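All remarks here apply to the structure that follows.
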């Protein structure tokens with residue numbers, strides 16, 4: 001059987017765009033994923049969308065768990081009024097941990113060995129960073145008013161600025177008679 | 001095809017082995033003087049370009065455990081050690097699973113990078129000078145080895161190294177607080193890197209107070225002192241008698257990285273390259289300097305008259321599938337600048353320079369003992385360079401007779417080194433254990449998770465006690481033909497331990513640390529686990545330590561050929577035209593991060609290399625040949 005199209009045509013077409021992103025999940029799926037992520041993370045809808053990672057995380061989550069387990073988790077969380085502490089099934093509880101971990105660090109963690117077996121996952125049960133920018137967008141840095149190490153640099157001297165609620169402090173309380181401090185120092 | 005094959009059979013004035021910090025500086029100076037220099041780099045040079053640098057950034061972002069070598073791609077032709085290569089043993093102790101073979105009582109936890117730029121790709125970028133008293137620890141304190149030169153000999157080269165690297169610091173404070181001598185009116189090229197908020201809290205709580213050193217029985221006053229950095233800050237217009245200083249930006253991207261912007265990832269990689277790296281110097285190399293990468297030097301070639309004629313090297317194309325061809329290249333002078341361990345490995349493989357039996361011995365590092373805790377209030381960790389200040393008073397004095405001294409470094413990055421924060425904090429709150437088979441804990445979610453993490457992580461502090469390690473001949477690099485790398489070269493076999501002098505230092509440091517946490521009103525959380533590869537007990541107390549990345553001592557410098565490998569110029573006693581440059585020459589390291597001293601030593605060697613080359617170019621003086629032929633073989637002119 002022949003289609004009249006050279007066999008290599010489609011292969012070449014794919015090869016020409018090797019980095020074409022996978023199709024975006026439907027917008028309502030992303031909305032639901034973010035909605036369930038709010039009670040998991042303690043960050044609001046705007047903040048979660050603001051990371052730019054929602055689609056990527058949904059895709060990774062579904063890929064890691066399978067469509068069915070993810071739907072089951074979604075239903076279970078809805079059934080307990082979006083309060084993850086009320087989840088009772090060990091699989092759902094571990095998925096809640098994993099999705100939260102993903103948002104906070106950009107890393108998909110290993111599931112518990114039992115849950116991994118129960119889901120009959122095809123992939124290795126190992127941690128991985130889902131994308132370079134996922135590390136950069138980790139929520140954990142915001143919890144203490146920091147920034148991801150190696151990204152979003154806040155500028156020269158900002159490391160001397162007091163954290164919220166703490167007092168300004170001089171460069172160092174040098175013993176009396178110590179040299180004065182040079183300009184170009186603290187922000 | 002690898003450009004390394006194109007230089008096969010060529011002849012140069014100087015061959016430099018290794019395009020790291022020392023080799024790059026040597027090549028810069030000699031090239032500027034007009035000598036034809038070939039630099040052979042075992043690793044790749046993908047980081048020379050901005051896209052290569054961005055690739056390293058992405059590799060760093062994606063790595064699960066952000067260790068010093070995380071951004072740099074693996075290379076089976078020129079493998080590098082990794083700090084993750086020592087793992088807990090099955091029945092306690094440790095196992096070495098990487099490039100370095102280890103059989104010592106304790107693990108050697110230090111790594112390095114075999115790539116263009118060398119280990120300066122991931123150095124932290126601190127440039128304290130050694131103290132004058134650090135150069136004669138054997139005479140004055142009864143441990144380790146003395147230098148054949150002193151602080152005054154290095155003074156002009158320290159100043160030159162501070163220019164080449166571009167040092168930011170407060171020289172007046174260094175002089176006043178530490179007692180370092182500087183030339184009259186000297187300032188660093190740039191003003192100091194501002195002290196972090198963590199430093200300022202320490203200064204507020206601790207300056208003017210003191211702690212007791214229980215082992216030496218003395219009171220030590222506490223004072224937070226800003227550390228000099230090899231990192232761009234604000235230029236000091238008073239530098240160089242009012243001529244000022246222009247910061248050197250990133251290699252490969254113009255007008256970028258001319259001031260630190262606080263990425264807080266100096267180790268393993270500065271995203272903007274405000275931190276000095278050798279690629280910046282290479283960008284200013286004279287055209288007389290040729291760099292070829294993927295050229296693994298496998299042997300130093302020694303002629304019958306004892307002089308070195310050149311090197312043999314293996315040229316490969318693909319770092320993932322090492323298949324190499326062997327070549328030779330010749331030079332009047334050969335400089336090995338491949339790292340302390342690699343220099344020793346190469347000398348042992350070449351059976352060269354070792355009439356003293358000291359090659360590979362005296363292997364040192366700065367063993368780092370970590371202590372950590374939680375402050376009562378927020379201190380702003382994980383911001384700015386890895387460390388901006390230290391307590392310097394533990395570095396000196398007669399207590400060195402009783403125990404190893406240390407630099408008490410204030411860490412700016414919370415528990416990142418001690419506990420893998422903040423990732424470990426998140427996992428703990430979510431009840432995710434280290435192993436998938438361990439039982440899961442209860443998880444905290446939502447607003448409570450966010451608040452508790454912020455409350456805890458924001459209060460994290462840690463201290464790094466960086467101890468001086470005394471040179472001991474039993475700590476050494478050897479070769480065993482059983483253990484080889486992808487190209488068939490022998491891998492280094494390390495035998496390593498800590499002396500009681502160091503362990504006494506750790507004992508004293510533990511007590512000092514407890515006192516400091518007490519004075520801070522902090523909740524100390526230091527705990528040394530038997531699961532740590534470096535765990536040991538000493539006088540019934542548990543300890544662990546980490547490598548500082550400060551490999552040294554393996555081609556030790558001394559004042560005579562019987563007991564040392566190189567002379568005060570880092571020139572081999574056995575081969576008058578072979579130089580061994582780098583921390584491997586250092587007989588002791590004091591408590592200063594060694595990079596600046598290594599750079600100063602390299603620049604000092606260049607002066608002698610230049611004199612040697614000038615001598616070699618003088619017209620031959622025709623003298624009657626003595627009948628017995630009793631001239632020293634290595635004095636024969638070519």
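Residue numbers (UniProt numbering), protein chains in the order written: chain A, 1 to 187; chain B, 1 to 638. Even for Gly, the Cβ is constructed at its ideal location relative to N, Cα and C. These numbers come from a predicted model, not from an experiment.
Closest Cα partner of residue 583 (chain B) within the set B:238, B:132, B:492 and B:119: To locate residue 583 (chain B), count along the second chain from 1; it is residue 583. Looking at the Cα atoms, B:119 is the closest of the given residues.
Just to make sure I have the definition right: I need the residues of chain A whose C-beta is within less than 8 Å of the C-beta of residue 427 (chain B). Which are they? In the second chain, residue 427 (chain B) corresponds to position 427, counting from 1. 101 and 109, listed in chain order.
Does any residue of chain B have a CB that is nearer than 8 Å to the CB of residue 29 (chain A)? Residue 29 (chain A) sits at position 29 when you count from the first residue of the first chain. Judged by the 8 Å Cβ criterion, residue 29 (chain A) is not in contact with chain B.
Are the stretch 110 to 119 of chain B and the stretch 17 to 27 of chain B touching, with three or more C-beta to C-beta distances below 8 Å? These segments touch.
Using CA atoms only, rank isn't needed, just tell me which of B:169, B:205, B:196 and B:159 is closest to residue 183 (chain B). By 1-based counting over the second chain, the position of residue 183 (chain B) is 183. Minimum Cα distance to residue 183 (chain B) is reached at B:159.
Taking Cβ-Cβ distances below 9 Å as the criterion, which residues of the stretch 435 to 457 of chain B are in contact with chain A? Cβ proximity to chain A below 9 Å picks out 435, 436, 437, 438, 439, 440, 442, 443, 444, 445, 446, 447, 448, 449, 450, 451, 452, 453, 454, 455, 456 and 457 from the stretch 435 to 457 of chain B.
Contact under 8 Å by Cβ, residue 77 (chain B) with residue 324 (chain B): Looking up residue 77 (chain B) in the second chain gives position 77. Looking up residue 324 (chain B) in the second chain gives position 324. Contact flag set, yes.
Segments of 4+ residues assigned as alpha helix (DSSP H) that fall wholly inside the stretch 480 to 565 of chain B: DSSP runs (the alpha helix (DSSP H)) wholly in the stretch 480 to 565 of chain B: 500 to 520.
Selection from B:361, B:172, B:393 and B:289 that minimises the alpha carbon distance to residue 219 (chain B): Numbered from its first residue, the second chain carries residue 219 (chain B) at position 219. For residue 219 (chain B), the closest alpha carbon among the candidates B:361, B:172, B:393 and B:289 is that of B:393.
With the cut-off set at 8 Å, would you say residue 579 (chain B) and residue 341 (chain B) are in Cβ contact? Translated into positions along the second chain, residue 579 (chain B) becomes position 579. Translated into positions along the second chain, residue 341 (chain B) becomes position 341. No. Outside cutoff.
Relative to the C-alpha of residue 500 (chain B), which residue among B:487, B:601 and B:471 is closest? Mapped onto the second chain, residue 500 (chain B) falls at position 500. By alpha-carbon distance to residue 500 (chain B), the top candidate from B:487, B:601 and B:471 is B:471.
Is residue 570 (chain B) helix, strand or coil when you go by DSSP? Here the question's residue 570 (chain B) lines up with position 570 in the second chain. Of the three classes helix, strand and coil, the one that applies to residue 570 (chain B) here is coil, per DSSP.
Return the CA-CA distance between residue 284 (chain B) and residue 28 (chain B), expressed in angstroms with no decimal places. On the second chain, position 284 is the one that residue 284 (chain B) refers to. On the second chain, position 28 is the one that residue 28 (chain B) refers to. Each residue's Cα considered, the two are about 8 Å apart.
Given residue 531 (chain B), which residues of its chain have a CB within under 6 Å of its CB, disregarding the five upstream and five downstream residues? Numbered from its first residue, the second chain carries residue 531 (chain B) at position 531. Closer than 6 Å at the Cβ level, and outside the excluded window around residue 531 (chain B), lie 88.
Check the Cβ of residue 128 (chain B) against every Cβ in chain A and list those closer than 9 Å, keeping chain order. Counting from one through the second chain, the residue named residue 128 (chain B) turns up at place 128. For residue 128 (chain B), no chain A residue has a Cβ inside 9 Å of its Cβ, as the nearest lies near 16 Å away.
Sequence-distant residues of the same chain with beta carbon closer than 6 Å to residue 610 (chain B), five excluded per side: To locate residue 610 (chain B), count along the second chain from 1; it is residue 610. If you ignore the 5 residues before and after residue 610 (chain B), its C-beta comes within less than 6 Å of the C-beta of 33, all in its own chain and listed in chain order.
Taking all protein chains shown into account, do 16 or more other C-beta atoms lie within 10 angstroms of the C-beta of residue 82 (chain B), making it buried, or fewer, making it exposed? Position 82 of the second chain, counted from the first residue, corresponds to residue 82 (chain B). The residue is buried, with at least 16 neighbouring Cβ atoms inside 10 Å.
Sub-8 Å separation of residue 106 (chain B) and residue 534 (chain B) beta-carbons: Position 106 of the second chain, counted from the first residue, corresponds to residue 106 (chain B). Position 534 of the second chain, counted from the first residue, corresponds to residue 534 (chain B). Yes.
Would you mind sorting residue 173 (chain B) into buried or exposed? The rule is 16 or more other CB atoms within 10 Å of its CB. The residue labelled residue 173 (chain B) in the question sits at position 173 within the second chain. Under the 10 Å beta carbon count, residue 173 (chain B) is surrounded by 16 or more other beta carbons and is classified as buried.
Tell me the DSSP bridge mates of residue 364 (chain B)? Translated into the one-based positions of the second chain, residue 364 (chain B) becomes position 364. Answer is B:552, bridged to residue 364 (chain B).
Same chain, Cβ closer than 6 Å to residue 6 (chain A), neighbours up to 5 away in sequence not counted: One-based indexing of the first chain puts residue 6 (chain A) at position 6. With a pLDDT of only 48 at residue 6 (chain A), under 50, the local geometry of the prediction cannot be trusted, and the value read off the model is given with reservation. Answer for residue 6 (chain A): no residue qualifies.
Between the stretch 146 to 157 of chain A and chain B, which residues of the former have a C-beta closer than 9 Å to a C-beta of the latter? Those would be 146, 147, 148, 149, 150, 151, 152, 153, 154, 155, 156 and 157, in chain order.
For residue 322 (chain B), which option in B:294, B:346 and B:347 has the closest C-alpha, if you only look at C-alpha atoms? For the purposes of this step, residue 322 (chain B) is identified with residue 322 of the second chain, where counting begins at 1. When B:294, B:346 and B:347 are compared, the shortest CA-CA separation from residue 322 (chain B) is found for B:294.
Please classify residue 182 (chain A): does DSSP put it in a helix, a strand, or coil? As a position in the first chain, residue 182 (chain A) is number 182, starting the count at 1. Residue confidence for residue 182 (chain A) is low, a pLDDT of 41 falling below 50, so the modelled location carries little weight; the figure read from the coordinates is stated next. Judged by DSSP in its simplified three-state form, residue 182 (chain A) adopts coil rather than helix or strand.
Consult DSSP for residue 129 (chain B) and reduce its assignment to one of helix, strand or coil. As a working mapping, residue 129 (chain B) is identified with position 129 in the second chain. Of the three classes helix, strand and coil, the one that applies to residue 129 (chain B) here is coil, per DSSP.
Rounded to whole angstroms, what's the CA-CA distance from residue 239 (chain B) to residue 399 (chain B)? Just pull it up for me. By 1-based counting over the second chain, the position of residue 239 (chain B) is 239. By 1-based counting over the second chain, the position of residue 399 (chain B) is 399. Annotation: residue 239 (chain B) to residue 399 (chain B) spans about 36 Å, alpha carbon to alpha carbon.
Does the structure place the stretch 368 to 386 of chain B close enough to the stretch 413 to 426 of chain B that three or more beta carbon pairs sit under 8 Å? The stretch 413 to 426 of chain B is in contact with the stretch 368 to 386 of chain B.
Assigned exposure category for residue 97 (chain B) - 16 Cβ within 10 Å defines buried: On the second chain, residue 97 (chain B) is found 97 positions in, with the first residue counted as 1. Exposed, since its Cβ has fewer than 16 Cβ neighbours within 10 Å.
Name the residue from B:155, B:3, B:203 and B:457 whose alpha carbon lies nearest to the alpha carbon of residue 601 (chain B). Within the second chain, numbered from 1, the residue matching residue 601 (chain B) stands at position 601. Checked all of B:155, B:3, B:203 and B:457; the closest Cα to residue 601 (chain B) is B:155.
Report the three-state DSSP secondary structure of residue 298 (chain B) (helix, strand or coil). As a position in the second chain, residue 298 (chain B) is number 298, starting the count at 1. If DSSP states are grouped into helix, strand and coil, residue 298 (chain B) belongs with the strands.
Residue-chain proximity (residue 89 (chain A), chain B), Cβ-Cβ < 8 Å: To locate residue 89 (chain A), count along the first chain from 1; it is residue 89. False, the Cβ-Cβ gap to chain B never drops below 8 Å.
Taking DSSP's pairing of strands, which residues face residue 334 (chain B) in a bridge? Taking the first residue of the second chain as 1, we reach residue 334 (chain B) at position 334. In DSSP, residue 334 (chain B) forms a bridge with B:15 and B:578.
Taking 8 Å as the threshold (C-beta atoms), are residue 569 (chain B) and residue 461 (chain B) in contact? Counting from one through the second chain, the residue named residue 461 (chain B) turns up at place 461. Counting from one through the second chain, the residue named residue 569 (chain B) turns up at place 569. Judged by their CB atoms, residue 461 (chain B) and residue 569 (chain B) are not nearer to each other than the 8 Å cut-off.
Taking all protein chains shown into account, decide if residue 68 (chain A) is buried (16 or more other Cβ within 10 angstroms of its Cβ) or exposed. For the purposes of this step, residue 68 (chain A) is taken as residue 68 along the first chain, with counting starting at 1. Using a 10 angstroms sphere on the CB of residue 68 (chain A), the tally of other CB atoms stays under 16, which defines it as exposed.
Taking its Cβ as the centre, do 16 or more other Cβ atoms sit within 10 Å of residue 551 (chain B), making it buried, or is it exposed? As a first step, residue 551 (chain B) must be located in the second chain, where it is residue number 551. Residue 551 (chain B) comes out buried.
Does the stretch 64 to 78 of chain B come into contact with the stretch 268 to 287 of chain B, if we say contact requires no fewer than three beta-carbon pairs (one atom in each stretch) closer than 8 Å? When C-beta atoms of the stretch 64 to 78 of chain B are compared with those of the stretch 268 to 287 of chain B, three or more pairs fall below 8 Å, so the two segments count as touching.
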